[in-house]
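Residue numbers (our numbering): 4 to 282. Before any comments, here is the structure.
Dropping the structure here:
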């Protein structure tokens, strides 16, 4: 996959205007705009989907609000901070993308096309996953303070959300299983490979038990032999009795979507196993 990190003024301004205010100065500025240009401000809210269809070529019907925000000192300061954030993400991506793509190909086994990461101020805490109708490009809006001190983790977090977006309409009636497998694949396996240490105990606590039950089959999916699985479960600090599991060799040859289908089809058996426990 490839990521293109973009600072788009329309995207940044829209999120500044319609997300929670990141400072009292921003709040005052927004209130002044709303008071003086209430109709234009309200109409602008509807523009998000049009912007996201093709951000680079978006042209507003009414650019009054956009022009006023662009001309303000407060926006110029935020834009400068956002550009620095964008460059930090871009430089980190350039350094790790070769290894990330190699590992991602081994883990997902399906291709993801170019995504434009629309970078906004990280203080906004925005992760935009909206999928506009008739979109011309793949986008994700990103401004997240959680991993802002570790840009490698931020890149992996972006990838995880892109994978979630790619599978957003896949087996929706089994969302918990899909979410758990995506977390195993990206938040756990890809992160472990990137950091060169096991991080299989991290993740959404609500998926913890489900992930434990799926974990043995996920190792089979990754292509581990029985002997390698014994070593791997000790490394990840997850223990289970391997002899109680049917060794599914065929999982090593399928992609992640097919693995998801396997887990859904066999969930009555997989989710009945109770011997699994965390050390």
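Beta carbons: idealized from backbone N, C-alpha and C, even for Gly.
Below 8 Å on the Cβ atoms is my contact criterion, and I expect residue i with residue j to pass it. Report the Cβ-Cβ distance as a whole number of Å.
i           : j           : result
residue 58  : residue 7   : Not really, about 11 Å apart at Cβ, beyond 8 Å.
residue 53  : residue 33  : Actually they do not touch by this definition, with Cβ atoms about 21 Å apart.
residue 240 : residue 204 : 6 Å
residue 166 : residue 189 : 6 Å
residue 115 : residue 177 : So it is not a contact: roughly 21 Å between Cβ atoms.
residue 51  : residue 17  : 6 Å
residue 129 : residue 9   : Their Cβ separation, rounded to whole angstroms, is 14 Å, which puts residue 129 and residue 9 out of contact at 8 Å.
residue 259 : residue 111 : 5 Å
Please classify residue i: does DSSP put it in a helix, a strand, or coil?
i           : result
residue 142 : strand
residue 253 : helix
residue 189 : helix
residue 118 : strand
residue 175 : helix
residue 184 : helix
residue 134 : coil
residue 162 : helix
For residue i, count neighbouring Cβ atoms within 10 angstroms of its own Cβ and tell me buried if that reaches 16, exposed if not.
i           : result
residue 253 : exposed
residue 94  : exposed
residue 113 : exposed
residue 78  : buried
residue 149 : exposed
residue 85  : buried
residue 233 : exposed
residue 90  : exposed
residue 83  : exposed
residue 278 : The predicted model places residue 278 with a pLDDT of 46, which falls under 50 and marks its position as unreliable, so this point remains unresolved.
residue 126 : buried
residue 62  : exposed
residue 64  : exposed
residue 123 : buried
residue 157 : buried
residue 142 : buried
residue 196 : buried
residue 226 : exposed
residue 144 : buried
residue 238 : exposed
residue 175 : exposed
residue 80  : exposed
residue 109 : exposed
residue 191 : buried
residue 272 : exposed
residue 164 : buried
Check whether the Cβ of residue i lies closer than 7 Å to any heavy atom of the ligand ADP, and answer yes or no.
i           : result
residue 144 : You won't find the ligand ADP in this model; it holds no ligand whatsoever.
Identify, in the order they occur along the chain, each residue of the same chain with its Cβ nearer than 7 Å to the Cβ of residue i, setting aside the five sequence neighbours on each side.
i           : result
residue 37  : 44
residue 104 : 4
residue 183 : 210, 213, 214 and 217
residue 48  : 21
residue 117 : 5, 7 and 141
residue 154 : 91, 92 and 95
residue 224 : 254, 255 and 262
residue 69  : 13, 16 and 63
residue 3   : Only positions 4 to 282 of the chain appear in this structure, which leaves residue 3 out of reach.
residue 159 : 189, 193, 194 and 197
Given residue i, which residues of its chain have a CB within under 8 Å of its CB, disregarding the five upstream and five downstream residues?
i           : result
residue 171 : 132 and 134
residue 265 : 220, 251, 254 and 257
residue 138 : 55, 56 and 57
residue 274 : 213 and 216
Considering only residues of the same chain and omitting the five flanking positions on each side of residue i, which have a CB-CB separation below 6 Å?
i           : result
residue 201 : 195, 238 and 239
residue 231 : none
>> Give the list of continuous alpha helix (DSSP H) stretches no shorter than 4 residues that lie fully inside the stretch 7-80.
In response: 12-21, 27-39, 41-47, 51-56 and 67-74
> At which residue ranges does the stretch 211-257 contain complete alpha helix (DSSP H) runs of 4 or more residues, listed in the order of the chain?
Replying inline: Runs of the alpha helix (DSSP H) inside the stretch 211-257: 211-224 and 229-238.
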